[in-house]
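Taken in order, these protein sequences are the chains called A and B.
Residues 34 to 388 (this note's numbering) are what the first sequence spells out, left to right.
Residues 34 to 388 (this note's numbering) are what the second sequence spells out, left to right.
Notes to accompany the following structure.
2 protein chains.
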Amino acid sequence: MGRRVPRRISIKDIARRAGVSHSTVSRALRGSPLVNPQTAERIRRLAARMGYVPNAAARSLATARTGIVGLVITTLADPFLAEIVRGVEEVALESGYRLFLATSNADPDRELAAVRALAESRVEGVIVASSRVGELYLPHLEALGVPIVLINNQREGPFLHSVAADSRQGAHLAMAHLLALGHTRIGYITGPPAARSNRERLAGYREMLAAAGIDPDPEWIVEGNGRPEGGEWGLQRLLASSRRPTAVFCYNDMTAIGALKAARAAGLRVPEDLSVVGFDDILFAAYTEPPLTTVAQPKYEMGRTAMGLLLRLLEGEQAPVHLRLPCRLVERASCAPPPQERPVRSLSFDERRLP
Amino acid sequence: MGRRVPRRISIKDIARRAGVSHSTVSRALRGSPLVNPQTAERIRRLAARMGYVPNAAARSLATARTGIVGLVITTLADPFLAEIVRGVEEVALESGYRLFLATSNADPDRELAAVRALAESRVEGVIVASSRVGELYLPHLEALGVPIVLINNQREGPFLHSVAADSRQGAHLAMAHLLALGHTRIGYITGPPAARSNRERLAGYREMLAAAGIDPDPEWIVEGNGRPEGGEWGLQRLLASSRRPTAVFCYNDMTAIGALKAARAAGLRVPEDLSVVGFDDILFAAYTEPPLTTVAQPKYEMGRTAMGLLLRLLEGEQAPVHLRLPCRLVERASCAPPPQERPVRSLSFDERRLP
DNA sequence: TGGGGGGCTGCACACGTGTGCAAAGGAGGG
DNA sequence: CCCTCCTTTGCACACGTGTGCAGCCCCCCA
């Protein structure tokens, strides 16, 4: 399959033209002090003039270093990933590493093929920016024997390191905001129940309620799936609960978007009747109706940090490292004080037990 | 910098264990008919058992083929790109090519560095999935001397090919829909004026108005920028026009989102008072308020087609090719028949000239 | 003037894989 | 039985770059 790549200038061609050996050219271009400065300069000029471009494959072979980092993502369709990838790529470029893309879309066959491609390319390290890494994926990656940095997906293993947003602290921010506005009945729409981030946000939610002396009603915690449908269903169930919350903290912005939709469908105004807080600060959070107050993960920083950590690991540090970056609250327009409590008496104990 | 990649099994190791020469191993693993079938099978078994993984760099060097395709995108933050990349990646994986990521974020220095990285990796071809390729970027890419497939960015050049959605036909769909609903005063909020896609959508807009016998008011065409702000400003100007449109066709969904926001701010209900059509069908189009009727580009198909085209070019076809894929209309809830024309007389000629 | 040392250069080999060519061995036909 | 041809294998070189080591030349010092 395929044609050959066009034959390009090699250091031997330059050597011939310069009347030196290819070794000298190699050294001159690499800036070795072993070459006479004038000669080196002459060679560099000549190389530039001849349009020389080093051959990465040949260099890899000679040096046993590829300068390639694998970037594993389940799917680019996750708007959350863009900024992370930007951060990763920027640091990679600065430090002379190349990125190999490996997406899997959660298909086991493709995951396997992708890992094989990474192995054949002899990646020196791997960054996994993906909410859900397949359970089988990770072992294969570990078998590569190179350091792995997981983003927002902390696990334990000899080659495993991680950079994650501090979801619990982020949840604290969201809840502190709602509590400060005067809310006391606050719901939480979960993401994928098994996700670590979900458990942490839930923990943060519970902690802040407890700290405020509020006893959370079990009905306030409803299951979503991290996607808009989940938010829709979740909010519907919340609205049906006996002690209807005046505010909802959502696992992520996608969930919040669904929740906003359901609120509208139920005739509720946001934020007058219901306050909503999201998580992630995706691009569209600023354009929902109303614009969404949300907890921003430092995505770009996480990307930079992950690649920076990988660089350090490639330099030789081998101890497993797990880094946490703080979130911050982005206040927009989806939160307000709770609606005036109708002076209607709350249900008495007896009434509650009635059908 | 960096440690060496762990030493892995080579065909020489296998050869030693199998008691044959490395040539035989190479041939066996590549499935050459020159090897005794039993021997070949034995070698393949041994290779698998020893955990052999071919070294892509060495193979590249020997065959002068890298199997690498450069994927150039200005920024991943464009939600539009995700599906395209998915299509590209899928075909690439199926056909044994690897993807090399190069983003530039419109920074000239980074563009240069990215192109140099592509050159050093000896990419066999390049796919450019990016609304705005820097003017300087493209010449550098062309200097690589490998086929280039542009997505949604048709230009002419010896190595340039393209796959694009048929924007004009898409505009026809949108306009046909609005006209069929009974609208006669229809505005268009542009994208970046220089963008080819914008010119095509504008052309499609004009053609359909003309076909319907409608003489477009110059005030109906207002300038946006492809982002929500542009849509906001654009709609504000449209609402201020003397013959206020009852429907707006927007350059893209981001613009439409801004337009929806401005409509709300102006107290207009969508779709009762104003119909809005977007373009692109990004993920969030389904979650705007109301859900956005829009023209979908076949993004996934475009990605697949682009990579497929590149494969054919790599096989040897050299004629510049420009492919067009049709769009389709996705009807949601942002369009309705125009509001009942208030029986109020329209302004007379004389009145119009008054201050 | 001889010896030592430093600066610079080239030789030769290595990296891992692929492949043209020669050669060995066996089978089959005359 | 010999010749030919086919199958199978290994040798040797190539790809482009990097690098240890030897060697050359020149300068400096004794």
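Idealized CB from N, CA, C, for every residue including glycine.
Here the structure is a predicted model, which is why all the values come from computation and not from measurement.
A check of alpha carbon separations from residue 356 (chain A) across A:200, A:321 and A:302 identifies A:200 as the nearest. Ranked by Cα distance from residue 196 (chain B), the first of B:358, B:107 and B:127 is B:358. In the DSSP annotation of this structure, the continuous segment of the beta strand (DSSP E) that includes residue 195 (chain A) starts and ends at 193 to 198. In the three-state DSSP reduction, residue 282 (chain A) falls in the strand class (E or B). Residue-level contact by beta carbon fails for residue 66 (chain A) and chain B, as no gap is shorter than 8 Å. Assigned with DSSP and collapsed to three states, residue 131 (chain B) falls in strand.
Of the residues assessed, residue 129 (chain A) falls on the exposed side of the cut-off, its CB having fewer than 16 other CB atoms within 10 angstroms. Nearest in C-alpha terms to residue 97 (chain B), of all of A:83, A:212 and A:91, is A:91.
If you look at residue 238 (chain B), you'll find it isn't in any beta strand (DSSP E); it sits in the alpha helix (DSSP H) that goes 229 to 244. Burial is judged here by how many other beta carbons sit within 10 angstroms of a residue's own beta carbon; residue 172 (chain B) has fewer than 16 and is exposed. In this structure residue 303 (chain B) is in contact with residue 309 (chain B), their Cβ atoms being roughly 6 Å apart against a cut-off of 8 Å. Beyond the five residues adjoining it in sequence on each side, residue 120 (chain B) comes within less than 8 Å, by CB distance, of 332, 333, 334, 335, 336, 337, 338, 339 and 340 in the same chain, given in chain order. Under DSSP, residue 355 (chain B) forms a beta bridge with B:195.
In the DSSP assignment, residue 56 (chain A) falls within the alpha helix (DSSP H) that extends over 55 to 63.
From the beta-carbon of residue 119 (chain B), the residues of chain A found nearer than 8 Å are 108, 109, 110, 136 and 138. Looking from the CA of residue 215 (chain A), the closest CA among A:369, A:113 and A:48 belongs to A:369. Take residue 206 (chain A), set aside five residues on each side of it, and the residues of its chain with a beta-carbon closer than 8 Å to its own are 328, 360, 361 and 362, in chain order. At a beta-carbon threshold of 7 Å, none of the residues of chain B lie near residue 192 (chain A); the nearest stands roughly 11 Å away.
Looking at the DSSP output, residue 183 (chain A) shares a beta bridge with A:161 and A:195. At a C-beta separation below 8 Å, residue 294 (chain B) has these neighbours in chain A: 320 and 322. Listed along chain B are 149, 152 and 153, each with a C-beta nearer than 8 Å to that of residue 86 (chain A). If you draw a straight line from the Cα of residue 188 (chain B) to the Cα of residue 67 (chain B), it comes to about 47 Å.
Contact with chain B is absent for residue 307 (chain A), since none of that chain's Cβ atoms lies less than 8 Å from the residue's Cβ. Here residue 313 (chain A) is bridged, per DSSP, to A:329. For residue 137 (chain A), the CB contacts under 6 Å within the same chain, skipping 5 residues up- and downstream, are 107, 143, 144 and 147 in chain order. Residue range 101 to 106 is occupied by the beta strand (DSSP E) that includes residue 102 (chain B). Taking C-beta separations shorter than 7 Å and ignoring five residues to either side along the sequence, the partners of residue 55 (chain A) in its chain run 44, 45 and 48, following chain order. Within chain A, the residues whose beta carbon sits less than 7 Å from that of residue 261 (chain B) are 320, listed in sequence order.
Among the residues of the region 43 to 66 of chain A, none has a Cβ less than 8 Å away from any Cβ of chain B.
By the criterion of a C-beta distance shorter than 7 Å, residue 134 (chain B) is surrounded in its chain by 104, once the five residues flanking it on both sides are discounted. Within chain A, no residue has its beta carbon less than 9 Å from that of residue 144 (chain B); the closest one is some 11 Å off. Straight across, the Cα-Cα distance linking residue 288 (chain B) with residue 312 (chain B) is about 9 Å. By the Cβ neighbour-count rule, residue 373 (chain B) is exposed, with fewer than 16 other Cβ atoms within 10 Å of its own. When DSSP states are grouped into helix, strand and coil, residue 255 (chain A) belongs to the strand group. Taking all protein chains in view, the Cβ of residue 352 (chain B) is surrounded by fewer than 16 other Cβ atoms within 10 Å, so the residue is classified as exposed. The beta-carbon of residue 94 (chain A) is placed less than 8 Å from the nearest beta-carbon of chain B.
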